[in-house]
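Contents: one structure, followed by commentary.
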Amino acid sequence: MDNKLIVWDLQHSSRPRTCDNKDGVTCLSWVGNSKYIAAGCVDGKVQIWNSLSGEHVRTFSGHSDAIQSLGVSADKNFLVSGSLDGTVRVFEISEFQ
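So that you can map any letter, position 62 of the sequence shown is 750 in my numbering, and since no number is skipped, the others follow by simple counting.
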């Protein structure tokens, strides 16, 4: 792994955005219909990235092993992460709408 999350905008053929992540990414989820991407990481953290600028905007912690899955609630206010440590965490993400 090269520790990069690269976002390509195929609709506008614009230059890709690179999000430098110090740990490997195991899964991804768009945060609702917003410009934000949630990345589940090997270190058990969930990173939130602005897909337009490549800027890291938030880190959610709580797991002790790699994130295995991510999902967004139907109302787009919560992000759910599942980890190899056997736990599931729920994080409020309404600020990213």
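Even glycine gets a Cβ: it sits at the ideal position worked out from N, Cα and C.
According to DSSP, Asn738 shares a beta bridge with Tyr724.
Checking the DSSP bridge columns, you'll see Ser769 partnered with Leu758 and Arg777. If you check the CB distance, Cys729 and Gly712 come in under 8 Å. The Cβ-Cβ distance between Ser722 and Gln785 falls below 8 Å. Between Val734 and Ala727, the gap from beta carbon to beta carbon is short of 8 Å.
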